[in-house]
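Trainee:
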Ligand code: ADP
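Here's what the structure looks like:
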């Protein structure tokens with residue numbers, strides 16, 4: 001199971017899923033391959049679970065929720081989630097190798113995929129421990145006389161968590177640990193390309209924590225129908241999902257017949273509005289870095305840079321220089337900041353969108369293809385396109401590649417209008433020498449979060465979620481914890 005390749009660092013993960021406390025293969029023994037995107041080699045397998053497997057896992061989670069004390073025993077949950085934190089900390093370096101192997105994320109920037117989520121496990125343990133699950137809201141006047149009201153916050157029930165491949169371990173934690181701490185039971189369905197970030201979590205929970213059988217389940221599969229079955233199952237009370245807007249729509253529709261609570265974190269097409277008074281040498285290198293550092297495979301990326309027409313060429317030159325110097329290459333090499341795209345398909349999609357942008361009149365400033373020195377692995381050159389029509393396909397479609405599109409603008413109003421002209425509303429950046437001007441622009445963006453002047457919106461202590469077709473509900477912050485709870489208002493004698 002644990003083949004570390006001494007030359008490459010590649011590490012194959014746990015091939016078994018976790019159902020009702022048992023680490024197991026699917027009945028037929030079928031496996032699917034896991035590829036290392038930097039070598040294009042198959043480096044191991046995971047069990048190819050079926051609809052029957054996800055139904056078993058759901059039955060186990062239902063039973064554990066309905067028949068055990070899990071949802072009522074906060075002290076025990078605190079103990080278990082702390083155990084999980086300790087176990088993950090012990091296995092941190094193994095997990096890092098597995099994530100690099102599956103995703104191709106560079107070791108130098110792997111902290112956000114490993115250290116951050118492990119720290120968040122501890123955060124949720126403490127947040128859940130300190131949360132007030134029965135709040136007295138005082139006396140309220142009603143037509144029938146006064147009533148004291150208490151609000152109880154209670155676990156939602158069985159939570160199905162469906163996760164994507166771009167930051168798989170982080171999202172497996174972000175979607176399941178607050179749910180567990182709040183008293184829910186969980187069925188996790190990791191993405192096809194990154195099963196081990198899920199199965200390793202299952203193995204660690206089974207082997208190193210007291211989390212009871214059925215409370216946490218992981219079902220891996222190479223088929224989309226397993227996630228679809230989970231999102232339609234009437235025994236599931238809530239779906240939490242991160243992924244594409246197209247799949248989010250399918251999940252929402254599948255949950256409609258049982259009016260499932262649905263938490264969706266979907267695509268984005270965010271802008272970075274760079275004002276004419278901004279310090280370009282400070283903000284544009286950062287903009288280029290963010291576009292490349294996860295190979296552009298990030299939903300919160302400000303991939304549309306809006307430059308003031310008065311300083312357009314100056315801005316393009318800085319972006320070009322930074323992107324041409326960006327360290328792209330083997331993810332295991334320290335100092336490399338951009339690895340490959342995760343798959344041949346993702347690379348093809350990125351290259352196709354770049355071509356469509358050029359066909360629609362965009363000017364290719366740098367990149368646009370496969371780096372000559374990296375013929376193996378799914379690499380894409382950091383790519384800068386200028387003069388991009390904000391209505392064109394490349395300005396409206398989430399790329400998930402190391403690509404910045406640049407559009408000139410004349411006034412702040414126009415920049416806001418271009419930013420808001422998309423089906424998405426996830427995040428954004430505004431940079432100006434004047435904090436007040438940056439804030440005023442941020443206040444007008446129809447989006448879930450905005451960074452102004454490099455001061456990041458993102459973190460475990462503040463809510464994060466999308467508007468429009470970028471999602472429903474929030475992760476992080478107290479708001480993110482409350483998503484996994486139902487509130488019940490109880491009137492009592494004053
Ligand atoms: P991508 O298109 O980038 O692979 P998706 O949003 O399709 O990303 O996938 C994210 C997750 O959603 C994966 O775990 C995938 O298996 C799952 N998934 C795909 N299709 C469906 C569906 N119809 N219902 C539920 N889950 C699905």
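Residue numbers (UniProt numbering): 1 to 494. Positions of the beta carbon are idealized from the N, C-alpha and C atoms, including for glycine.
Could you give the DSSP three-state label for residue 323: helix, strand or coil?
Mentor: Taking the chain shown and counting its residues from 1, one reaches residue 323 at position 323. Residue 323: helix per DSSP, three-state reduction.
Trainee: Please name the residue or residues paired with residue 186 in a DSSP beta bridge.
Mentor: Your numbering for residue 186 matches position 186 in the chain shown. Answer is 159 and 216.
Trainee: Per DSSP, residue 8 is paired with what?
Mentor: For the purposes of this step, residue 8 is taken as the residue at position 8 of the chain shown. Looking at the DSSP assignment, residue 8 forms no beta bridge with any residue, so it has no partner.
Trainee: The alpha helix (DSSP H) spanning residue 349 covers which residue range?
Mentor: Stepping through the chain shown from its first residue, residue 349 is reached at position 349. First-last of the alpha helix (DSSP H) with residue 349: 344–359.
Trainee: Can you tell me where the alpha helix (DSSP H) with residue 280 in it begins and where it stops?
Mentor: Working through the chain shown from its first residue, we reach residue 280 at position 280. Here the alpha helix (DSSP H) through residue 280 covers 280–293.
Trainee: On a CA-only basis, which of 384, 168 and 146 is nearest residue 365? Give me that one, please.
Mentor: For this step, residue 365 is matched to residue 365 along the chain shown. The candidate whose alpha carbon is nearest that of residue 365 is 384.
Trainee: Anyone know if the C-beta pair for residue 161 and residue 177 falls short of 8 Å?
Mentor: Position 161 of the chain shown, counted from the first residue, corresponds to residue 161. Position 177 of the chain shown, counted from the first residue, corresponds to residue 177. No, the pair does not count as a contact, with Cβ atoms beyond the cut-off.
Trainee: Alpha carbon to alpha carbon, how far is residue 297 from residue 374?
Mentor: The residue given as residue 297 occupies position 297 in the chain shown. The residue given as residue 374 occupies position 374 in the chain shown. Their Cα atoms are separated by approximately 19 Å.
Trainee: Do residue 179 and residue 159 have their C-beta atoms within less than 8 Å of each other?
Mentor: In the chain shown, residue 179 corresponds to position 179, counting from 1. In the chain shown, residue 159 corresponds to position 159, counting from 1. The answer is yes: Cβ separation under 8 Å.
Trainee: State buried or exposed for residue 2, treating a residue as buried only when at least 16 other CB atoms are found within 10 Å of its CB.
Mentor: In the chain shown, residue 2 corresponds to position 2, counting from 1. Unreliable placement is indicated for residue 2, whose pLDDT of 39 sits below 50; no coordinate value is reported for it.
Trainee: What is the rounded straight-line gap between the Cα of residue 443 and the Cα of residue 472?
Mentor: Numbered from 1 along the chain shown, position 443 holds the residue referred to as residue 443. Numbered from 1 along the chain shown, position 472 holds the residue referred to as residue 472. Computed Cα separation, rounded: 20 Å.
Trainee: Given this structure, state the Cα-to-Cα distance separating residue 164 from residue 368, to the nearest angstrom.
Mentor: Along the chain shown, one-based indexing puts residue 164 at 164. Along the chain shown, one-based indexing puts residue 368 at 368. Rounded to whole angstroms, residue 164 to residue 368 spans 26 Å at the Cα level.
Trainee: Quick check on the burial criterion: 16 or more other C-beta atoms within 10 angstroms. Buried or exposed for residue 144?
Mentor: Within the chain shown, residue 144 is the residue found at index 144, counting from 1. With fewer than 16 other CB atoms across the displayed protein chains lying within 10 angstroms of its CB, residue 144 is exposed.
Trainee: Report yes if the C-beta of residue 228 is less than 7 Å from at least one heavy atom of the ligand ADP; otherwise report no.
Mentor: Residue numbering aside, residue 228 sits at position 228 when the chain shown is read from its first letter. Yes, the beta carbon of residue 228 sits closer than 7 Å to at least one heavy atom of the ligand ADP.
Trainee: Measuring CB atoms only, is the segment 312–328 touching the segment 346–362, in the sense that at least three cross pairs come out at less than 8 Å?
Mentor: no
Trainee: Taking only three categories from DSSP, how would you classify residue 152?
Mentor: Numbered from its first residue, the chain shown carries residue 152 at position 152. Residue 152 falls in the strand class under three-state DSSP.
Trainee: Quick one: what's residue 304 bridged to in DSSP?
Mentor: As a first step, residue 304 must be located in the chain shown, where it is residue number 304. Looking at the DSSP assignment, residue 304 forms a beta bridge with 271 and 405.
Trainee: With distances taken Cα to Cα, identify the nearest neighbour of residue 201 among 193, 210, 212 and 216.
Mentor: Taking the first residue of the chain shown as 1, we reach residue 201 at position 201. Of 193, 210, 212 and 216, the residue nearest in Cα terms is 216.
Trainee: With burial defined as no fewer than 16 other Cβ atoms inside 10 Å of the residue's Cβ, what is the status of residue 323: buried or exposed?
Mentor: Translated into the one-based positions of the chain shown, residue 323 becomes position 323. Classification for residue 323: buried.
Trainee: Going by DSSP, what residues sit across from residue 338 in a beta bridge?
Mentor: Within the chain shown, residue 338 is the residue found at index 338, counting from 1. 328.
Trainee: So residue 453 is in the alpha helix (DSSP H); what residue range does that whole segment cover?
Mentor: Numbered from 1 along the chain shown, position 453 holds the residue referred to as residue 453. Segment: none, residue 453 is in no alpha helix (DSSP H) and carries neither H nor E.
Trainee: Whole angstroms are fine: how far does the CA of residue 118 sit from the CA of residue 173?
Mentor: Translated into the one-based positions of the chain shown, residue 173 becomes position 173. Translated into the one-based positions of the chain shown, residue 118 becomes position 118. Cα to Cα, residue 173 sits roughly 8 Å from residue 118.
Trainee: For residue 439, which three-state DSSP category applies?
Mentor: Stepping through the chain shown from its first residue, residue 439 is reached at position 439. Note: residue 439 maps to helix in three-state DSSP.
Trainee: Could you give the first and the last residue of the continuous alpha helix (DSSP H) run that contains residue 79?
Mentor: Looking up residue 79 in the chain shown gives position 79. Segment 74–90, the alpha helix (DSSP H) holding residue 79.
Trainee: Starting from the C-beta of residue 429, find all residues in its chain whose C-beta is less than 6 Å away, skip the five residues before and the five after it, and write them out in chain order.
Mentor: As a first step, residue 429 must be located in the chain shown, where it is residue number 429. Closer than 6 Å at Cβ, skipping near neighbours: 272, 302 and 451.
Trainee: For residue 135 and residue 150, which I take to be in contact (beta-carbon distance under 8 Å), what is that distance rounded to the nearest angstrom?
Mentor: The residue labelled residue 135 in the question sits at position 135 within the chain shown. The residue labelled residue 150 in the question sits at position 150 within the chain shown. So it is a contact: roughly 7 Å between Cβ atoms.
Trainee: Do residue 97 and residue 11 have their C-beta atoms closer together than 8 Å?
Mentor: Locating residue 97 in the chain shown gives position 97, counting from the first residue. Locating residue 11 in the chain shown gives position 11, counting from the first residue. A contact, by the Cβ cut-off of 8 Å.
Trainee: Inspect the beta-carbon positions of residue 344 and residue 214 and report whether they are closer than 8 Å.
Mentor: Here residue 344 refers to the residue found at position 344 when the chain shown is read from its first residue. Here residue 214 refers to the residue found at position 214 when the chain shown is read from its first residue. Contact flag unset, no.
Trainee: Please report how far the alpha carbon of residue 56 lies from the alpha carbon of residue 17, in whole angstroms.
Mentor: Within the chain shown, numbered from 1, the residue matching residue 56 stands at position 56. Within the chain shown, numbered from 1, the residue matching residue 17 stands at position 17. Between residue 56 and residue 17, the C-alpha separation is close to 12 Å.
Trainee: Say whether the segment 235–243 touches the segment 382–402, bearing in mind that this needs 3 or more beta-carbon pairs closer than 8 Å, one atom from each stretch.
Mentor: Contact between the segment 235–243 and the segment 382–402 is absent: fewer than 3 CB-CB pairs across the two stretches fall below 8 Å.
Trainee: Between 204, 67 and 220, which lies nearest to residue 184 when the distance is taken from Cα to Cα?
Mentor: Locating residue 184 in the chain shown gives position 184, where the first residue counts as 1. When only C-alpha atoms are compared, the closest one is 67.
Trainee: What do you get for residue 205, buried or exposed, if any count of 16 or more other CB atoms within 10 angstroms of its CB means buried?
Mentor: For the purposes of this step, residue 205 is taken as residue 205 along the chain shown, with counting starting at 1. With 16 or more other Cβ atoms from the protein chains shown falling within 10 Å of its own Cβ, residue 205 counts as buried.
Trainee: Can we count residue 331 as close to the ligand ADP, meaning its CB is less than 7 Å from some heavy atom?
Mentor: Your numbering for residue 331 matches position 331 in the chain shown. For residue 331, the CB stays at least 7 Å from every heavy atom of the ligand ADP.
Trainee: Roughly how many whole angstroms lie between the Cα atoms of residue 475 and residue 465?
Mentor: For the purposes of this step, residue 475 is taken as residue 475 along the chain shown, with counting starting at 1. For the purposes of this step, residue 465 is taken as residue 465 along the chain shown, with counting starting at 1. If you take the alpha carbons of residue 475 and residue 465, they lie about 6 Å apart.
Trainee: If distances are taken between C-alpha atoms only, which option among 104, 84 and 108 comes closest to residue 495?
Mentor: With the chain represented from 1 up to 494, any question about residue 495 goes unanswered, as that position is not in the structure.
Trainee: Alpha carbon to alpha carbon, how far is residue 42 from residue 260? Give it in angstroms, no decimals.
Mentor: As a first step, residue 260 is located in the chain shown; it is residue number 260 there, counting from the start. As a first step, residue 42 is located in the chain shown; it is residue number 42 there, counting from the start. For residue 260 and residue 42, the distance between alpha carbons rounds to 38 Å.
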